[in-house]
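In this text, residue positions in the sequence shown follow the numbering used here: the first is 20, and each later residue adds one. Working notes for the structure below.
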Amino acid sequence: MLRLARLLRIRQWLAVAAVAYLGVSPAIVNSACSIFSEVLVTPFVLTAAVLIAGAWAATGLGDAKRAVLLAVAAAAAFAFGAFTKGLLHFVSLLVVLAFGARAVWAWRGRR
């Protein structure tokens, strides 16, 4: 950033003050941490999405063992993602509700 300030011919003391402010500013530090955690959680979300799709397909085929194994793996991916970004646990609750509704629907169809 100091190099950019030199290219723009900004006075050295002003450039150093700006860099120091960016280094200790609570708003800048907070937003940098927020963006970092959102980037960090992406692989967990993608892994969980793929595993949930497989589990959903397995429930449609009646393969309970495969569905349970994929659901446990998806739960682990959601757990690691929630440890990284706490908001993700709300998404996992929506997935649980969807699978619960499908289970009730399948159970009522068998009766």
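In this text, a Cβ means the ideal position worked out from N, Cα and C, and glycines have one as well.
Inter-residue CB distance, residue i and residue j (contact presumed, cutoff 8 Å)
{"i": "F99", "j": "F63", "result": "5 Å"}
{"i": "A74", "j": "A101", "result": "Going by Cβ atoms, the distance from A74 to A101 rounds to 18 Å, so no, they are not a contact pair."}
Neighbour-count burial assignment, residue i, 16 or more Cβ in a 10 Å radius
{"i": "L70", "result": "buried"}
{"i": "F97", "result": "buried"}
{"i": "T61", "result": "exposed"}
{"i": "A120", "result": "exposed"}
{"i": "A46", "result": "exposed"}
{"i": "L107", "result": "buried"}
{"i": "L89", "result": "buried"}
{"i": "A76", "result": "exposed"}
Residue i: CB within 8 Å of a non-hydrogen atom of the ligand ATP
{"i": "F97", "result": "This structure lacks the ligand ATP; in fact it carries no ligand of any kind."}
Test item: CB-CB of residue i and residue j under 9 Å
{"i": "V38", "j": "L21", "result": "yes"}
{"i": "T78", "j": "A125", "result": "yes"}
{"i": "A83", "j": "V114", "result": "no"}
{"i": "K104", "j": "S44", "result": "no"}
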